[in-house]
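Per the UniProt record's numbering, the sequence shown runs over residues 1 to 235. This report refers to the structure that appears directly beneath it.
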Amino acid sequence: MYKILAKFIKKDRMKFISHLELINIIERALRRANIPLKFSQGFNPHPKISFAAPLAVGVSSEGEYLTVEVIEKIEIDNFKERLNKELPKGIKFIKCKYIDSKSKSLMSLVEDATYIIKCITQDSYNINEVDEILKKFLNNEEILYKKVGKRKGEKIINIRNNIRNMMVLSVIENEVIFKVTVATGSKGNLKPEIIIEKLMDLEGISIDLEKLRVHRLEIFSSMGNKNLVPIDRII
C-alpha cells in the first residue's frame, strides 16, 4: 500500500459545494482516472481518502490537502494529470508526492490556517483608520463569542487566543482587505467570518456581511516545533 499527499485548489463555482459533495466529486474523478485505489473493508467499502480541514461553503482556497491510498505505485505526475482531466473547473491538483504510509492523519497535524478576507464597508475609511480600529480590537484580552452547539447548547468562549495574527493589507475606497491566521483543527477552530462579526460588534466598523469574501491561503502545522510551516513540508 502507498499513500499520496495531494495539494489542491477550490475556487469559482466549486467554492459553493459542500464538503460531502467535494468528497463525492473527488472519488468519482479517481475512479474515472483508473487510479488503483485502496478500499476500506466492511459492508460498504470506500476509497481510503482523508482531508486536512474541511472548508466552509462559500470559501475558496489555494491550500487544500488530502491523502489517498493506492495499491500500486504510479508515477506521481501521471497521477496528477489523469486526476485533473476528470475534475470539474474550479478544482485542480497542483502538487502531489508520496509520503510514509504510516504517517499521521492530516487532521491530527492541522494547527493554523491563513485567510484573505475581502470586506465591503458601508462607510468610507482610509488605511490608517482601519489600522487603528484593528489595533484596538486586537488589544482586547477577551473577545467573547456565543457559540451554539447541537448537543451542548449555548457556550460563551474567548476567541482572542485563536486569532494568531491579523493585519490590514489594503483599503481602496470601500473595500478593505485583511489577512488573518487563526487556530484550525482539533485544538481550536475559528471561522474568519466570526472575527469580522466581532470587529463590527466591538469597534463599530460598518461591513456588509453579505458581500464578505473569504479565501484560504494555506494550512499549517508545527509538529511540536515553534515555527509553523505548510502541511506538505511536514510530511
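Just so it is clear, CB atoms sit at the ideal spot from N, CA and C, and this is done for glycine as well. Please read all numbers here as calculations on a predicted model, not as lab measurements.
- The Cβ atoms of Glu-69 and Met-1 lie closer than 8 Å to each other.
- Residue environment for Ile-219: buried (at least 16 other C-beta atoms within 10 angstroms of its C-beta).
- The shortest CA-to-CA distance from Asp-232 to any of Gly-149, Lys-97, Ile-177 and Ser-170 is the one to Lys-97.
- Taking 8 Å as the cut-off, the Cβ atoms of Thr-67 and Ser-40 do not count as close.
- Leu-144 is bridged by DSSP to Asn-158.
- In the DSSP annotation of this structure, the continuous segment of the beta strand (DSSP E) that includes Arg-213 starts and ends at 213-221.
- For Leu-169, the enclosing beta strand (DSSP E) has its first and last residue at 163-172.
- DSSP, reduced to helix, strand and coil, places Val-182 within a strand of the structure shown.
- Pairing Glu-111 with Leu-228 gives a Cβ-Cβ distance under 8 Å.
- Distance between Asn-165 and Asn-34, taken at the CA atoms: about 43 Å.
- In this structure, Gly-63 is the residue among Thr-184, Leu-30 and Gly-63 with its C-alpha nearest to the C-alpha of Lys-15.
- With a minimum length of 4 residues, the unbroken runs of alpha helix (DSSP H) contained wholly in the region 10-65 fall at 19-32.
- Here DSSP, grouped into helix, strand and coil, assigns Lys-150 to coil.
- For Val-68, the pairing in a beta bridge is given by DSSP as Ile-4 and Ile-49.
- Taking His-19 as the centre and dropping the five residues before and after it, the same chain places the C-beta of Pro-54 closer than 6 Å to its C-beta, in chain order.
- Ranked by how close their Cα comes to the Cα of Lys-92, the residues Ser-101, Met-107 and Lys-80 have Lys-80 in first place.
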